[in-house]
Each structure stands twice: as C-alpha cells, then as structure tokens.
Amino acid sequence: MRSRPQGRVDRGMRLLLINFEMDADSPVLAWQESLATRLCRETDFTLVLTEKIGRCQPPENMHLHVLRRRPFQIPWRFGGGYLLNPQVHALCRQREVNACFVHMNHRWLVWLRPALERLQLPILLWYAHGTVTPSLRTALEVASRVVTSSPEGFRIPSSKVRIIGQGIDSDLFDIPASVSERNDILYVGRMSRRKRINLLLETFHHMRKSPAASQIRLRLIGPELTRDDVVYGDEMRRLSAALGLQEVVDFVGPVRPQELPSYHASAFLHLNVSRTGSMDKTVLEALSCGCPALTSNEAFFAMLEDRPEFIVRDERPEAIAAQALQLYAQRNAVDRQTLRKLVVGRHDLNHYAEQILENLRDLRADMVSSLKG
18 MRSRPQGRVD
28 RGMRLLLINF
38 EMDADSPVLA
48 WQESLATRLC
58 RETDFTLVLT
68 EKIGRCQPPE
78 NMHLHVLRRR
88 PFQIPWRFGG
98 GYLLNPQVHA
108 LCRQREVNAC
118 FVHMNHRWLV
128 WLRPALERLQ
138 LPILLWYAHG
148 TVTPSLRTAL
158 EVASRVVTSS
168 PEGFRIPSSK
178 VRIIGQGIDS
188 DLFDIPASVS
198 ERNDILYVGR
208 MSRRKRINLL
218 LETFHHMRKS
228 PAASQIRLRL
238 IGPELTRDDV
248 VYGDEMRRLS
258 AALGLQEVVD
268 FVGPVRPQEL
278 PSYHASAFLH
288 LNVSRTGSMD
298 KTVLEALSCG
308 CPALTSNEAF
318 FAMLEDRPEF
328 IVRDERPEAI
338 AAQALQLYAQ
348 RNAVDRQTLR
358 KLVVGRHDLN
368 HYAEQILENL
378 RDLRADMVSS
388 LKG
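Counted the way my numbering counts, the sequence shown spans residues 18 to 390.
As structure tokens, then:
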C-alpha cells in the first residue's frame, strides 16, 4: 500500500490546480497526476485545469477540465489562451475555489491573469528550470509566491521565492528486492540537445577502450518531444554508429514510469550531463533506487558535496569516462540505503505535497488577514 502525506486534511481548501497533463503513463510528466491526486486527498475539493488527459482515475472530490486547444479556432499562443478567461472565471466561481496552485505550466498564469485577479485567489507557482523568459517574469508578477527545487531552479531574484526540494515517488522508485548483475549505464530524459547525449556517447566511447568495460552497455531512455528532438535523435544514432557503438548502445525510447525501476536495478550508474540548470528529477529517481548518479548539473553540487565521486568537474569525455570506470569497479560496495536517504524525507513526493499544502495555507491565511485589515 502506498503511503500518503502526513499533513492534516484541509477541509476549507477548494483548490484550483493548473498543470500540463494528467497521465499516470506519461514518460515525462506522470508525477503531475500523482501529485494532483495526493493534494486532492488533503483538500475539500480540487479543480484541475489541464492540457491533456491520459490514464487517470480522479478521486470523487476532483473535477478535470481540459483547456480547449483552439478556442474560436485561435491557437493559445496567438491569443486563444486569453479567450478562455470568461469560461475559467465562471467555472471557478461555480466550484467556489479559494486557492490556486500552478504546477510548472506558468504560461497559464499569463493568459488567465484577468480571471485569476478578479477571483482574488492566492496563487502558488511551482517552477524548477534554469530558463528565464519574459512570460516567466510576468507569471512572477501574478503569483503570490513561487516554490522551486533549488536556488538554480528559479533564477529571478524575488522575496516571493521559497525552496522546497523535488517530489520523487519514492514508493515507486525503491531499492529492488533482488538485484541482477549491474553492468549498465543509464540515461533517462528527453532526447534533447540540452541533455548533451553526444557527450554521453563520446564518454562511453572512451570507456570502451578499457578492457574493464567489455560488459558495459549504455541504455538511453526517453522520448523525442519536439521536431528538433527527432532530428537530434537521428544525429545521435548516426554518431553512435560512427563511434562503433551500435552493438552496445540501446536507444530504448520512452517507457512508462512503472517500468523505470527495473532499468535502475541492472544499472551501476545513472549518467547525467545535462545543462538544464535545475534539479533533474531523474537523478533523484536513480538515487531513490539506490543507483549511483554521476552528474555535471550544478543544482546537485551542494546536495552531493559529501560524495565528490558523483560530481563531474572535468567535462572532457575521457575524464568522465575515468570517473565512470572507477564507479564501475566499486559497484558491488555501494551502500544503496545511504543513497536512498539522500531523497526520502527531503525530495520525495510526500514531503513535497506537504510543502505545497503548507505554502497554500500560509497564502490563504495572509489573504484572510489582508481582507480583514
């Protein structure tokens, strides 16, 4: 049985939640469905505005509403998003929502600003990415408070910002009861240029020069979400062939979240050299499974300061290869429970959900005080 957040049930909170999708099988955003369900357990009612619905079993006190992609045949980015204000305002009034949580999808804070300001809702925004755009700056103006995973996850200085960590489903991502031979290097994430798959392949090419690496395979797991991702994926397959790695590199593609722990069970290392500039969830998922992670992502440097062997300081492929080979040699001596403790209670979904709820309660209390004043 899955555990649930230990916070008190807030029977006064009627939450408006805005996210990208509600799909437990999404290879990238499944946690949005998990979080929405957990928050709903702790509130009186939750209205979810989402762009897509996949496999999802909403609780009785949750209502799902799909945001029309082309209202009046006008795409969102060309003004269609603004045209949904009357509908959203009416829906929120009907459902008597009294707080708003925007899960990453900050552009709806911009498009729905008229409705949200008219409703006078306290608004909490979650954003955890290194990118800063004009729309994010506008969203910061609209939001009452912003929560993020690390100092690198929200790069606009503001007194509104709070750091709460990430939200990994540690019930799903757990240490396996039985472990097979760990000979795999695992990458999990989008097939995106920002993830620097080329550096992974070049690193693995250098590793293969060592006789000790004869049994190692590189498994690349993740979807191609954009046209450029597809182009980049083709480029990486050609690079793999050019480096002579086609027999030892698997381009697995997207997998359901429920399948990922089995891949971690056969991996001695999760290798992450992305430049997202924020705390990548896939690194935390690996650690939660007791799988070592080697990362160049600066958002993890403070968290892993006592584990320097997990931090890439020299980004030359041959240097990363040397680090990975050293971790391979030590793979049977890893204390997997210690790795898992880096996540559980700090970056797990239960802790994350309670942090969201506590921030929403604070904002509601502030709103009530200001109205009384």
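Heads up, the beta-carbon is just placed ideally off N, CA and C, and yes, glycines get one too. A quick note: this is a predicted structure, and the numbers were derived from the prediction, not measured.
query = What distance in whole Å lies between the Cβ atoms of R236 and V272, which are believed to be in contact at a cut-off of 8 Å?
reply = Actually they are not in contact, since the Cβ atoms of V272 and R236 sit about 10 Å apart, beyond 8 Å.
key: With 16 other Cβ atoms within 10 Å as the buried cut-off, status of Q347   = By the neighbour-count rule (16 or more Cβ atoms within 10 Å), Q347 is not buried but exposed.
key: G24 - DSSP class collapsed to helix/strand/coil   = With a pLDDT of 46 at G24, under the threshold of 50, the predicted position of this residue should be treated as unreliable, and no value is reported.
key: In chain order, each alpha helix (DSSP H) run of at least 4 residues that lies wholly inside the segment 262-308   = Along the length of the segment 262-308, whole alpha helix (DSSP H) runs at least 4 residues long occupy 277-282 and 298-305, reported in chain order.
request  = Compare the C-alpha of S176 against each of E252, R162 and E169 and name the closest.
outcome  = Of the residues E252, R162 and E169, the one whose Cα lies closest to the Cα of S176 is R162.
key: Candidates I91, W143, R172 and A156: closest to V164 by CA position   = Ranking the options by Cα distance to V164, first place goes to W143.
task = Please name the residue, chosen from R130, L100 and L81, that lies closest to Q90 on a Cα-to-Cα basis.
result = Measuring from the Cα of Q90, the nearest candidate turns out to be L100.
key: beta strand (DSSP E) segment containing L142, residue limits   = L142 -> beta strand (DSSP E) spans I140 to W143.
query = Using DSSP with H/G/I as helix, E/B as strand and the rest coil, what is M208?
reply = Coil, per DSSP.
query = Around the Cβ of A145, are there at least 16 other Cβ atoms within 10 angstroms (buried) or fewer (exposed)?
reply = Residue environment for A145: buried (at least 16 other C-beta atoms within 10 angstroms of its C-beta).
query = In three-state terms, what does DSSP make of F62?
reply = If DSSP states are grouped into helix, strand and coil, F62 belongs with the strands.
inquiry  = Just to confirm the assignment, what range does the beta strand (DSSP E) spanning H82 have?
reply    = Segment M79 to V83, the beta strand (DSSP E) holding H82.
task = Could you tell me the boundaries of the beta strand (DSSP E) in which I238 lies?
result = Per DSSP, I238 belongs to the beta strand (DSSP E) from R234 to I238.
query = Taking C-alpha atoms, which residue in G29, K298 and R255 lies nearest to S167?
reply = When the alpha-carbon of S167 is set against those of G29, K298 and R255, the nearest one is in K298.
key: Coarse secondary structure for T243, derived from DSSP in three states   = Correct three-state label for T243: coil.
query = Using the beta-carbon count (16 or more within 10 Å), is S20 buried or exposed?
reply = Bear in mind that a pLDDT of 38 at S20, under 50, signals an unreliable position, so the number given afterwards is only what the model happens to contain. Result: exposed.
query = Do you know how far the Cα of L262 is from the Cα of L84?
reply = One alpha carbon belongs to L84, the other to L262, and they sit about 44 Å apart.
ask   = Can you name the start and end residues of the alpha helix (DSSP H) that F221 belongs to?
value = Looking at the DSSP string, the run of the alpha helix (DSSP H) that includes F221 is I214 to M224.
task = Check each candidate in L260, G362, V247 and V266 and name the one with the smallest Cα separation from L301.
result = Relative to the Cα of L301, the nearest Cα in the group L260, G362, V247 and V266 belongs to G362.
message = Going by DSSP, what residue range makes up the alpha helix (DSSP H) through I337?
response = Per DSSP, I337 belongs to the alpha helix (DSSP H) from P334 to A346.
inquiry  = For the structure I just gave you, are there three or more beta carbon pairs, one from the segment 339-355 and one from the segment 303-310, closer than 8 Å?
reply    = Cβ pair count under 8 Å is three or more, so yes.
ask   = Quick one, are the C-beta atoms of Y345 and F285 less than 8 Å apart?
value = Contact flag set, yes.
ask   = Can you pull the DSSP bridge partners for A229?
value = According to DSSP, A229 bridges with nothing at all.
query = If we call anything under 8 Å between Cβ atoms a contact, is A156 one with P139?
reply = No, Cβ-Cβ distance for A156 and P139 is not below 8 Å.
ask   = Alpha carbon to alpha carbon, how far is C73 from S51?
value = Between C73 and S51, the alpha-carbon positions lie close to 9 Å from each other.
N- and C-terminal bounds of the beta strand (DSSP E) containing H368 = Here H368 belongs to no beta strand (DSSP E); instead the alpha helix (DSSP H) covers L366 to K389.
task = Name the two residues that bound the continuous beta strand (DSSP E) containing L311.
result = A310 to T312 is the extent of the beta strand (DSSP E) around L311.
key: Beta-bridge partners of L33, as assigned by DSSP   = DSSP lists L64 and C117 as partners of L33.
request  = Closer than 6 Å by C-beta to L126: which residues in its own chain qualify, once you throw out the five before and the five after it? Chain order, please.
outcome  = These residues qualify, in order along the chain: V119, A156 and V159.
message = At the level of alpha carbons, what is the spacing between V105 and G97?
response = Rounded to the nearest angstrom, the two C-alpha atoms are 13 Å apart.
Exposure of N376, with buried meaning 16 or more beta-carbon neighbours within 10 Å = Only buried fits N376, as 16 or more other CB atoms lie within 10 angstroms of its CB.
task = Output the boundary residues of the beta strand (DSSP E) element that contains V159.
result = Here V159 belongs to no beta strand (DSSP E); instead the alpha helix (DSSP H) covers P151 to V159.
request  = Taking only the alpha-carbon atoms, compute the straight-line gap between A282 and R199 and give it to the nearest angstrom.
outcome  = Looking at the backbone, the Cα of A282 and that of R199 are separated by about 7 Å.
Nearest residue (CA-CA) to Q183, options N314, S295, D245 and M224 = Out of N314, S295, D245 and M224, S295 has the C-alpha closest to the C-alpha of Q183.
query = Is L229 near L342, with beta carbons less than 8 Å apart?
reply = According to the sequence provided, residue 229 is Ala. The question's Leu does not apply to it. In contact: A229 and L342 (Cβ atoms closer than 8 Å).
key: Residues bridged to I12 [DSSP beta-bridge criterion]   = Residue 12 cannot be examined here, being either before or after the span of the chain that is shown, 18 to 390.
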